[in-house]
Amino acid sequence: MISETYKAMLGGKSVIRELSEFATARGKEIGYDNVFDYSLGNPSVPVPQAFNDKVIELLNTMSSMEVHGYSPSLGIPSVKEKIAASLNRRFGMNYAGKDIFMASGAAGALAHAFRLVTGPGDEILTFAPFFPEYHPYVDLTGARLKVVPANTADFQINFDAFVDMLTPSVHAVLINTPNNPSGAVYSEQTLTRLAAILTEKEEQFGHEIWLISDEPYREIVFDGKTAPYASRFYPRTLSCYSFSKSLSLPGERIGYLAVNPACGVSDMLVNMAGQISRGIGHNCPSSVIQLAVADTCDLTADLSVYETNMNILCDELTSLGFDIVRPGGTFYMFPKAPEADAVAFCRKALKYDLVLVPSDTFGVGGYFRIAYCINTQKVQRSLEAFRRMMHAEY
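For the sequence shown, my numbering gives the first residue as 49, with consecutive numbering after it.
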């Protein structure tokens with residue numbers, strides 16, 4: 049029998065992917081340089097040369113089995129040790145290699161995290177605006193994703209709504225900071241208050257509440273700042289990381305799950321993750337890529353272009369009358385549309401070859417997402433399209 053669950057999903061494809069496909073098709077008509085495609089968050093800066101050099105070195109100096117064979121199911125031990133040491137240096141943590149589980153990107157890490165700390169029927173809370181793929185990620189585990197309404201003043205947490213929704217059915221809270229789509233970076237004050245509420249509710253409910261931190265944009269932070277590391281604020285935190293953005297490696301699908309050792313059961317959870325892999329087929333990420341990121345995990349690609357693009361767009365769109373909470377990081381911004389119907393606004397934008405993503409699937413109405421991980425020259429050329437649209441339509 050064909051699965052009715054996945055068959056039904058065919059009618060609800062990703063709006064982001066559909067818009068990206070539209071941009072590609074339109075590019076074949078008028079040249080892709082003339083399509084201002086702000087749809088897909090695909091990193092646009094080159095991989096650090098040191099990473100490429102390391103891959104070549106590994107291929108030339110190690111045996112075929114070492115670089116092309118299966119890795120251990122929990123990840124290569126030397127890789128896990130180097131990643132733990134990096135996290136400890138940078139964030140004042142106390143990880144050991146045994147607290148790290150290698151995964152196929154942040155999505156793979158999340159797939160394990162949800163299954164580690166929830167069961168069928170349990171609720172996971174997340175905060176709008178949120179990455180739309182969280183719904184299939186969570187819902188297909190048997191748990192249920194509930195979305196806390198947005199705090200549109202600054203896109204920090206709407207704590208009043210959060211406390212109202214934090215019932216005994218909630219066994220995990222999912223955060224994404226720096227945030228896709230808003231670009232907001234949760235402050236230390238936000239994370240401190242979140243941790244205090246979780247601690248209080250654990251005692252009240254008589255069961256643990258886990259914090260799952262989705263943080264692939266952790267290194268893309270503006271104004272010379274760094275993003276507060278969520279695990280420092282709460283002991284039962286599972287950090288889900290990807291090198292896709294920091295090293296510009298999305299196609300390599302490499303990341304990790306880091307279990308805060310302060311939770312007291314990190315050994316068990318990491319070993320359980322290995323068992324989860326048996327059921328969902330995420331086991332054994334690429335050996336050569338694990339080895340390469342281990343020796344370059346303190347590096348990043350040249351991420352400065354994202355801040356340059358953000359400033360150009362933020363200044364121009366603000367001057368055109370858009371209401372924007374200035375992003376603190378990522379390569380996204382989330383302006384308020386000049387009309388309540390964000391889908392209608394984005395449809396009008398297509399007439400000017402501006403491919404923008406309406407906010408509805410992010411859990412907020414009346415906004416749109418711009419993924420500005422594109423060439424700066426193209427960003428600058430897109431400004432005239434925004435001007436023409438606003439003059440003609442509004």
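Glycine included, C-beta positions come from ideal geometry on N, C-alpha and C. Values in this document were obtained by computation on a predicted structure and should not be read as measured data.
Closest Cα partner of residue i within the set the options
| i | options | result |
| --- | --- | --- |
| glycine 167 | Ala220, Pro406, Val353 | Ala220 |
| valine 318 | Pro94, Leu122, Ala144, Val93 | Leu122 |
| methionine 438 | Phe253, Ala385, Arg301 | Ala385 |
| aspartate 401 | Cys345, Ser51, Ser62, Ser68 | Ser68 |
| proline 383 | Tyr442, Asp389, Arg374 | Arg374 |
| tyrosine 265 | Ile223, Val412, Ala243 | Ile223 |
| leucine 404 | Ala419, Tyr182, Asp350 | Ala419 |
| valine 341 | Ser296, Ile324, Ala209, Glu364 | Ser296 |
| aspartate 101 | Lys399, Ile337, Phe370 | Ile337 |
| asparagine 140 | Phe162, Pro276, His330 | Before going on, a small fix: residue 140 reads as glycine here, not asparagine. Comparing Cα-Cα distances from glycine 140 to each of Phe162, Pro276, His330, the minimum goes to Pro276. |
| lysine 128 | Ala151, Arg429, Gly413, Met110 | Ala151 |
| threonine 344 | Arg65, Ser62, Glu105, Asn82 | Glu105 |
Residue i - DSSP class collapsed to helix/strand/coil
| i | result |
| --- | --- |
| glycine 123 | coil |
| proline 184 | helix |
| proline 168 | coil |
| phenylalanine 370 | coil |
| lysine 55 | helix |
| histidine 255 | coil |
| serine 217 | coil |
| phenylalanine 434 | helix |
| alanine 161 | helix |
| proline 406 | strand |
| glycine 156 | helix |
| cysteine 311 | helix |
| phenylalanine 178 | coil |
| serine 112 | helix |
| tyrosine 80 | helix |
| proline 94 | coil |
| threonine 200 | coil |
| isoleucine 50 | coil |
| methionine 141 | coil |
| lysine 426 | helix |
| serine 292 | coil |
| histidine 330 | coil |
| glycine 414 | coil |
Which residues DSSP lists as bridging residue i, in chain order
| i | result |
| --- | --- |
| asparagine 224 | Asp262 |
| serine 287 | Ser261, Ala306 |
| threonine 72 | DSSP lists no partner for threonine 72. |
| leucine 193 | Ile172 |
| alanine 419 | Tyr380 |
| aspartate 85 | Val403 |
| methionine 150 | Tyr304 |
| valine 269 | Gly377 |
Integer Cβ distance of residue i from residue j, believed to fall under 8 Å
| i | j | result |
| --- | --- | --- |
| leucine 193 | threonine 174 | 6 Å |
| alanine 306 | tyrosine 282 | With 8 Å as the limit, alanine 306 and tyrosine 282 do not qualify as a contact, their Cβ atoms being about 13 Å apart. |
| threonine 424 | threonine 356 | 6 Å |
| proline 180 | phenylalanine 416 | Not quite, the Cβ-Cβ distance comes to about 14 Å (not below 8 Å), so this is no contact. |
| glycine 89 | phenylalanine 379 | 7 Å |
heavy atom of the ligand FMN below 8 Å from residue i C-beta
| i | result |
| --- | --- |
| aspartate 343 | Only the bare structure without any ligand can be found here, which leaves the ligand FMN out of the picture. |
Whether residue i touches residue j by CB criterion (9 Å)
| i | j | result |
| --- | --- | --- |
| glutamate 256 | arginine 280 | no |
| isoleucine 422 | tyrosine 182 | no |
| valine 427 | isoleucine 360 | yes |
| cysteine 332 | proline 120 | yes |
| aspartate 346 | serine 134 | yes |
| serine 334 | arginine 301 | yes |
| isoleucine 454 | threonine 238 | There is simply no residue 454 to check, as the chain begins at 49 and stops at 442 in what is shown. |
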